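Numbering (my numbering), first residue to last: 7 to 219.
The structure under discussion appears below in the form of structure tokens.
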Amino acid sequence: MEGATEGLLLDGLGFEEDQIFETIITTMDHDGSVNAAPMGVGRTGRETLEIRPFKSSSTYRNLSSRPEACVNVTDDPIIFLVTAFKEEDFRGFEEPSLDGIRLREADAYIFISVRDLDDSEDRARFTCNVDSVEVGEAGPRPFSRGRAQAIEAVIHATRIEFLYGEGRVEEGEEFVRRLSVCKDVVGRVSTPDSAEGRVITELERLIEGWRGG
Ligand SMILES: Cc1cc2nc3c(=O)[nH]c(=O)nc-3n(C[C@H](O)[C@H](O)[C@H](O)COP(=O)(O)O)c2cc1C
Numbered sequence: 007m008e009g010a011t012e013g014l015l016l017d018g019l020g021f022e023e024d025q026i027f028e029t030i031i032t033t034m035d036h037d038g039s040v041n042a043a044p045m046g047v048g049r050t051g052r053e054t055l056e057i058r059p060f061k062s063s064s065t066y067r068n069l070s071s072r073p074e075a076c077v078n079v080t081d082d083p084i085i086f087l088v089t090a091f092k093e094e095d096f097r098g099f100e101e102p103s104l105d106g107i108r109l110r111e112a113d114a115y116i117f118i119s120v121r122d123l124d125d126s127e128d129r130a131r132f133t134c135n136v137d138s139v140e141v142g143e144a145g146p147r148p149f150s151r152g153r154a155q156a157i158e159a160v161i162h163a164t165r166i167e168f169l170y171g172e173g174r175v176e177e178g179e180e181f182v183r184r185l186s187v188c189k190d191v192v193g194r195v196s197t198p199d200s201a202e203g204r205v206i207t208e209l210e211r212l213i214e215g216w217r218g219g
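As structure tokens, this is what we get:
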């Protein structure tokens, strides 16, 4: 049974049913150029994943016109940072490199194709079939509160950029406060020159720029 294997591999990767996991989705535009963006992925069935990009995102546009994608599994906060804010001028941060549609630095890859699209709300809902799964060679890594909090901080920063851009400064400040809680944890468990320490420093620089802009 072909599909059953994919279900087992999703189990093995820790993608439990009815839960959401944070990943980097790579999609292709009509010219074939690859776009990478952090996105939550919900496992809604044995071999079914759901992606909910805002309709303003390139991920939405690409998936609507070219219904194949790769779900890249990683916990590297630098990859989350540079793919969330692609338009920013990052110095000292490596862009992830591409191998076809996948990000070479990721730990595992889930290749998916869109089965159904509901775009009746601002946040669309793509229901996707899992076509195949590949697991890289990286061994187990211990859980790091610092890495987890740095990725949480990147999510807050995407809200801050949006809310400041809309002139909703008060609401933006609430997310700045949440980000400072993440920073506090990172400061306690990680060094300033770790990936997570550098991500927090860079986010603070970006926020300063958005405030001024
Ligand atoms: C961990 C994480 C999860 C995210 N999940 C989503 C999501 O589910 N849907 C969404 O529209 N944006 C999500 N975002 C924000 C997008 O990644 C961000 O808006 C990005 O710039 C969109 O890129 P794109 O226009 O290339 O698709 C998430 C960001 C982070 C850091």
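Glycine included, every Cβ here is placed at the ideal spot set by N, Cα and C.
Note that the coordinates shown come from a computational prediction; the quantities given were computed from them, not determined experimentally.
Residue span of the alpha helix (DSSP H) that contains residue i, given as start and end
{"i": "Asp190", "result": "175-195"}
{"i": "Ala163", "result": "151-171"}
{"i": "Glu208", "result": "201-218"}
CA nearest to the CA of residue i, picked from the options
{"i": "Thr133", "options": "Glu143, Tyr66, Gly98, Ile213", "result": "Tyr66"}
{"i": "Ala42", "options": "Arg49, Thr33, Gly48", "result": "Thr33"}
{"i": "Ser103", "options": "Arg97, Val88, Glu94, Lys189", "result": "Val88"}
{"i": "Glu23", "options": "Glu167, Thr50, Glu12, Asn135", "result": "Thr50"}
{"i": "Phe96", "options": "Asp105, Ile84, Arg217", "result": "Ile84"}
{"i": "Gly193", "options": "Glu111, Phe181, Ser63, Ser150", "result": "Ser150"}
{"i": "Ile118", "options": "Val136, Leu19, Glu101", "result": "Val136"}
{"i": "Cys188", "options": "Ala154, Gly173, Glu208", "result": "Ala154"}
{"i": "Ile213", "options": "Val191, Val79, Glu180", "result": "Glu180"}
Residue i: first and last residue of the uninterrupted beta strand (DSSP E) it sits in
{"i": "Leu19", "result": "Unbroken run through Leu19: none, as it is neither H nor E."}
{"i": "Ala112", "result": "Where Ala112 is concerned, there is no enclosing beta strand (DSSP E), given that its DSSP letter is neither H nor E."}
{"i": "Glu28", "result": "26-34"}
{"i": "Arg129", "result": "Counting along the chain, Arg129 falls outside any beta strand (DSSP E), and DSSP gives it neither H nor E."}
Taking only runs that begin and end inside the stretch 50-83, name each unbroken beta strand (DSSP E) of 3 or more residues, in chain order. As summarised for the stretch 50-83, the continuous beta strand (DSSP E) elements at least 3 residues long and confined to that stretch are 54-57, 74-79, given in chain order.
Environment of ligand 1 in chain order, Cβ to heavy atom below 6 Å: Per the Cβ criterion, the list is Glu28, Asn41, Ala43, Pro44, Met45, Gly46, Arg58, Pro59, Phe60, Ser63, Ser64, Thr65, Phe86, Ala90, Ile157, Val160, Ile161, Thr164.
Any contact between the stretch 120-129 and the stretch 139-153? By contact I mean 3 or more CB pairs, one from each, below 8 Å. The answer is no - the stretch 139-153 does not touch the stretch 120-129, with fewer than three Cβ pairs under 8 Å.
Taking contact to mean 3 or more Cβ pairs, one atom from each stretch, closer than 8 Å, check whether the stretch 158-167 and the stretch 105-123 are in contact. Flag = no, the stretch 158-167 and the stretch 105-123 do not touch.
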